[in-house]
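Notes follow the structure.
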Amino acid sequence: METAPAPEAAGAPATGSTATRRSKRSAAVSLVLVAGAGAAALTLGGLDPSQREEEALVYGSLGACIAQQLRSAEACIAAYKTAQETYAATAPRYETEADCQRHHGSGGCTPGEQVTAAANGRYLPVMAAFMMGRTDAQDLPIQPLYAHAPEEERDAAGTAGHGGGYCTGAGGRVAYAGGASRVHVPASVARTTSTTPRTISRGGFGGTGRATAFSGGSGGRAGGIGGG
Amino acid sequence: MRRVAIPERPDWRLHAARAGFTFHTFDGARYWDESAYYAFSLAEIEDAIEAPSAALHDLCLAFVDRAVRDEGILASLRIPEHAWDAIRASWERRDPSLYGRFDFSYAEEGPAKLLEYNADTPTALYESAVFQWLWLEDGLARGRLPVGADQFNTLHEALVARFAAVAPPEGVAFAGFPDAPEDRGTLAYLQDCALQAGRAAPFLSVEAIGLAEDGRFVDEAGAPIGCLFKLYPWEWMFADRFGRAVGTATTRFLEPPWKAVLSNKGLLAHLWGMEPGHPNLLPTFFEEDPAKAALGRSFVRKPLYGREGANVLIVRDGTVAAHGAGPYGGEGYVRQALAELPDFAGRRALIGSWMVGDRPAGLCLRESDGLITTDRARFVPHLIDP
Numbered sequence: 056m057e058t059a060p061a062p063e064a065a066g067a068p069a070t071g072s073t074a075t076r077r078s079k080r081s082a083a084v085s086l087v088l089v090a091g092a093g094a095a096a097l098t099l100g101g102l103d104p105s106q107r108e109e110e111a112l113v114y115g116s117l118g119a120c121i122a123q124q125l126r127s128a129e130a131c132i133a134a135y136k137t138a139q140e141t142y143a144a145t146a147p148r149y150e151t152e153a154d155c156q157r158h159h160g161s162g163g164c165t166p167g168e169q170v171t172a173a174a175n176g177r178y179l180p181v182m183a184a185f186m187m188g189r190t191d192a193q194d195l196p197i198q199p200l201y202a203h204a205p206e207e208e209r210d211a212a213g214t215a216g217h218g219g220g221y222c223t224g225a226g227g228r229v230a231y232a233g234g235a236s237r238v239h240v241p242a243s244v245a246r247t248t249s250t251t252p253r254t255i256s257r258g259g260f261g262g263t264g265r266a267t268a269f270s271g272g273s274g275g276r277a278g279g280i281g282g283g
Numbered sequence: 112m113r114r115v116a117i118p119e120r121p122d123w124r125l126h127a128a129r130a131g132f133t134f135h136t137f138d139g140a141r142y143w144d145e146s147a148y149y150a151f152s153l154a155e156i157e158d159a160i161e162a163p164s165a166a167l168h169d170l171c172l173a174f175v176d177r178a179v180r181d182e183g184i185l186a187s188l189r190i191p192e193h194a195w196d197a198i199r200a201s202w203e204r205r206d207p208s209l210y211g212r213f214d215f216s217y218a219e220e221g222p223a224k225l226l227e228y229n230a231d232t233p234t235a236l237y238e239s240a241v242f243q244w245l246w247l248e249d250g251l252a253r254g255r256l257p258v259g260a261d262q263f264n265t266l267h268e269a270l271v272a273r274f275a276a277v278a279p280p281e282g283v284a285f286a287g288f289p290d291a292p293e294d295r296g297t298l299a300y301l302q303d304c305a306l307q308a309g310r311a312a313p314f315l316s317v318e319a320i321g322l323a324e325d326g327r328f329v330d331e332a333g334a335p336i337g338c339l340f341k342l343y344p345w346e347w348m349f350a351d352r353f354g355r356a357v358g359t360a361t362t363r364f365l366e367p368p369w370k371a372v373l374s375n376k377g378l379l380a381h382l383w384g385m386e387p388g389h390p391n392l393l394p395t396f397f398e399e400d401p402a403k404a405a406l407g408r409s410f411v412r413k414p415l416y417g418r419e420g421a422n423v424l425i426v427r428d429g430t431v432a433a434h435g436a437g438p439y440g441g442e443g444y445v446r447q448a449l450a451e452l453p454d455f456a457g458r459r460a461l462i463g464s465w466m467v468g469d470r471p472a473g474l475c476l477r478e479s480d481g482l483i484t485t486d487r488a489r490f491v492p493h494l495i496d497p
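Taken in order, these protein sequences are the chains called A and B.
Residue numbers for the first sequence follow my numbering, so the first one is 56 and each next one is one higher.
Residue numbers for the second sequence follow my numbering, so the first one is 112 and each next one is one higher.
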């Protein structure tokens with residue numbers, strides 16, 4: 056929603072009814088997101104208009120890459136092989152299956168030992184797709200992709216539905232509308248790879264707030280928890 | 112300062128919906144209340160609220176500078192020892208702050224008295240910055256409000272400018288509880304401001320924040336968080352399992368950890384100790400301090416940590432006048448001289464004075480039926496007389 060600026064009265068006759076510039080308040084208040092689009096739109100990638108984008112190709116399988124013929128079969132095979140190797144070596148590790156599913160969705164995770172012995176006892180997201188450059192000249196790294204389906208966004212999406220898309224091992228978002236293999240990805244996402252697997256623990260913030268706000272005589276607040 | 116009753120706009124809910132104001136009513140009770148407004152003279156705003164806010168903020172910064180070098184002060188505030196390094200480092204780096212809100216008891220007969228400083232996670236921001244502003248503009252356009260009326264409210268411009276000045280280029284992640292509508296509304300508005308300052312501004316649940324083994328905080332997808340705005344108070348952050356990682360993480364925070372020194376009622380006792388007799392301060396003492404006897408039989412006892420009036424006890428002439436229930440108080444209390452909120456036909460008005468960065472940026476008023484301003488308080492708009 057765009058609100059018209061307060062009428063400027065520069066040069067207005069000195070009637071005493073309006074100041075030339077109301078000095079104690081904002082001259083204009085505009086909202087680009089709160090009104091209309093809703094909060095869900097905020098979590099989609101690509102908000103920073105200054106961020107350069109790369110055109111990349113995203114495929115759920117080797118066959119899909121070869122069939123589309125945007126890249127040669129050899130390039131597809133090489134990319135798929137690289138993605139699989141990278142996947143085993145660098146996929147994020149989670150301590151529990153629930154931690155993993157919270158961010159990659161149910162069915163998005165697998166016991167680590169099924170991928171590599173080095174991930175024994177941990178949980179990994181399954182490799183849902185792989186990403187490669189539109190051309191070799193871009194020199195983009197081949198990256199395995201994982202389902203991006205954080206619980207909060209799934210809850211917030213409601214009936215409108217959330218595209219979800221993919222994320223890279225380094226945590227970059229790859230927005231993906233089903234069917235289209237060509238995607239535009241911020242250069243920072245396309246070029247940032249994770250070189251070492253990371254173990255991530257979750258749920259270490261929020262517990263005190265939940266315990267405090269929902270206990271005690273007041274029965275907790277209706278509208279706020281952390282604010283005051 | 113006058114309270115002026117006025118018929119509410121019959122279509123204000125439509126305006127609210129259009130402006131994205133989703134939390135104007137809680138449990139069937141109104142939160143936004145435009146059946147009245149408060150009117151101030153320009154001199155009252157500038158001399159009684161704005162200038163003292165700037166001066167008190169300076170005093171607060173001087174206190175932080177003292178506190179981070181004095182473990183006795185940090186201990187008196189019941190800040191856990193494992194947080195001291197993070198607090199000290201954030202101050203020595205001069206990590207910037209975004210905003211805060213002083214709460215004042217103000218009546219025409221005397222100077223505004225500081226009740227507390229919500230320096231860490233203040234809410235009522237969107238309704239102050241936007242919907243109150245829209246109310247004035249609409250009232251002026253429809254001829255419902257006095258021609259030439261103004262409002263002390265540069266919040267929106269100041270917030271966008273502040274994000275542009277201090278937010279890192281890669282953006283700010285905004286964390287809170289997604290299931291708390293008021294918090295979520297405040298966060299959505301701050302995301303909006305950051306976006307208008309040209310920064311990416313994703314939301315994430317505070318419970319979804321991850322800690323990678325390299326000590327970095329990460330978002331839901333595992334990406335490192337460079338800068339995190341959290342609508343989740345520092346005392347809870349420090350008490351949480353990840354609290355000990357704050358000091359070693361590279362993530363920067365809004366508000367920064369040093370705000371923990373200010374968003375604590377113990378601040379009020381220390382400020383009084385630094386500037387006894389300050390016209391905008393109330394005599395305040397830690398509950399363990401025998402000097403509290405100087406307050407006599409009328410005082411307010413407040414938990415060091417607490418919000419929305421919970422666990423506040425008001426004693427007037429030796430008798431309990433009000434007592435808020437709640438979960439706080441385990442860390443101790445301060446005792447503050449009683450400065451009752453001005454009474455407008457049974458309604459008690461609390462003035463909130465906003466700071467953005469180091470500058471006063473606007474006003475909000477909340478009205479309660481009782482002596483204590485709680486989360487049931489109503490937001491009432493204000494204007495400056497022409």
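Just so you know, even glycine gets a beta-carbon here, dropped at the ideal spot from N, CA and C.
Just so we're clear, the structure is a prediction, and the values are computed from it rather than from any experiment.
Buried or exposed by the 16-neighbour rule on C-beta atoms within 10 Å, applied to residue i
i        : result
Asp454/B : exposed
Thr484/B : buried
Glu419/B : buried
Ser116/A : exposed
Ala184/A : buried
Leu415/B : buried
Val186/B : Val is not the amino acid found at residue 186/B; the sequence shown has Ala there. Exposed: under 16 other Cβ atoms inside 10 Å.
Pro289/B : buried
Ile117/B : exposed
Gly435/B : buried
Asp469/B : exposed
Asp191/A : exposed
Ala278/B : buried
Glu192/B : exposed
Ser146/B : exposed
Beta-carbon proximity list for residue i, same chain, < 7 Å, skipping 5 on both sides
i        : result
Gln302/B : Phe285, Ala312, Phe314
Thr267/A : none
Ala128/B : none
Thr214/A : No answer about Thr214/A holds up, because its pLDDT of 35 lies below 50 and its placement is not dependable.
Proximal residues to residue i (C-beta, below 6 Å), its chain only, five neighbours per side dropped
i        : result
Ile197/A : Ala134, Thr137, Ala138, Met187
Arg257/A : Asp154
Cys120/A : Tyr114, Cys131
His135/B : Ala127, Tyr142, Trp143
Pro222/B : Pro390, Asn391
Counterpart residues of residue i in DSSP-defined beta bridges
i        : result
Ser316/B : Gly287/B
Gln302/B : Bridge partners of Gln302/B: none, in fact.
Trp465/B : Arg212/B, Gly473/B
Val431/B : Val426/B
Cys338/B : Arg363/B
His239/A : Glu110/A
Ala150/B : Arg113/B, Leu494/B
Arg228/A : Cys222/A
Gly321/B : Arg257/A, Val329/B
Arg148/A : Thr254/A
Partners in chain A for residue i, counting only beta-carbon separations shorter than 8 Å
i        : result
Pro307/B : In the sequence as displayed, the identity of residue 307/B is Gln instead of Pro. Under the 8 Å cutoff, chain A gives Ser85, Val87.
Ile156/B : Lys79
Ile198/B : Chain A residues near Ile198/B: none, gap ~17 Å exceeds 8 Å.
Beta-carbon neighbours of residue i, restricted to chain A and to distances below 7 Å
i        : result
Thr359/B : Near Thr359/B there are no residues of chain A at all, since even the closest Cβ is about 13 Å away, more than 7 Å.
Glu399/B : What Glu399/B touches in chain A: nothing, since even the nearest Cβ is about 23 Å away.
His267/B : Ser81, Val84
Gln262/B : Lys79, Arg80
Leu342/B : Gly281, Gly282
Interface partners of residue i on chain B, CB under 7 Å
i        : result
Pro166/A : Those do not exist, as Pro166/A stays about 19 Å from chain B at its closest Cβ, beyond 7 Å.
Thr263/A : Trp347, Ala350, Asp351
His239/A : Here the premise fails: no neighbours, minimum Cβ distance about 16 Å.
Phe185/A : Residues of chain B passing the Cβ test: none, with the nearest at roughly 17 Å.
Neighbour list for residue i in chain B, Cβ cutoff strictly below 9 Å
i        : result
Arg246/A : In chain order: nothing, as chain B lies at least about 14 Å away.
Cys222/A : Glu331, Ala332, Gly333, Ala334
Residues near residue i by beta carbon distance below 8 Å, same chain, minus five either side
i       : result
Ala54/B : In this structure chain B extends from 112 to 497, so residue 54/B is not present and cannot be described.
*Below 9 Å between beta carbons is the criterion; list the residues of the stretch 233-245 of chain B that meet it against any residue of chain A, in chain order.*
Pro233, Thr234, Ala235, Leu236, Tyr237, Ala240, Val241, Trp244, Leu245
_To be precise: take each residue of the stretch 192-205 of chain A, compare its Cβ to all Cβ atoms of chain B, and keep it if any distance is under 7 Å. Which residues remain?_
His203, Pro205
*Quick one, which residues of the stretch 311-337 of chain B are near chain A if we go by CB-CB under 8 Å, in chain order?*
Ala311, Ala312, Pro313, Phe314, Leu315, Ser316, Val317, Glu318, Ala319, Ile320, Gly321, Leu322, Ala323, Glu324, Asp325, Val329, Asp330, Glu331, Ala332, Gly333, Ala334, Pro335
*What residues in the stretch 205-233 of chain B have a beta carbon less than 7 Å from any beta carbon of chain A?*
Asn229, Thr232, Pro233
*Determine which residues of the stretch 282-300 of chain B have a Cβ less than 9 Å from any Cβ of chain A, and write them out in chain order.*
Gly282, Phe285, Ala286, Gly287, Phe288, Pro289, Asp290, Ala291, Pro292, Glu293, Asp294, Arg295, Gly296, Thr297, Leu298, Ala299, Tyr300
*Contact residues within the stretch 121-143 of chain B, judged by C-beta distance below 7 Å to chain A*: Arg129, Ala130, Gly131, Phe134, Phe137, Asp138
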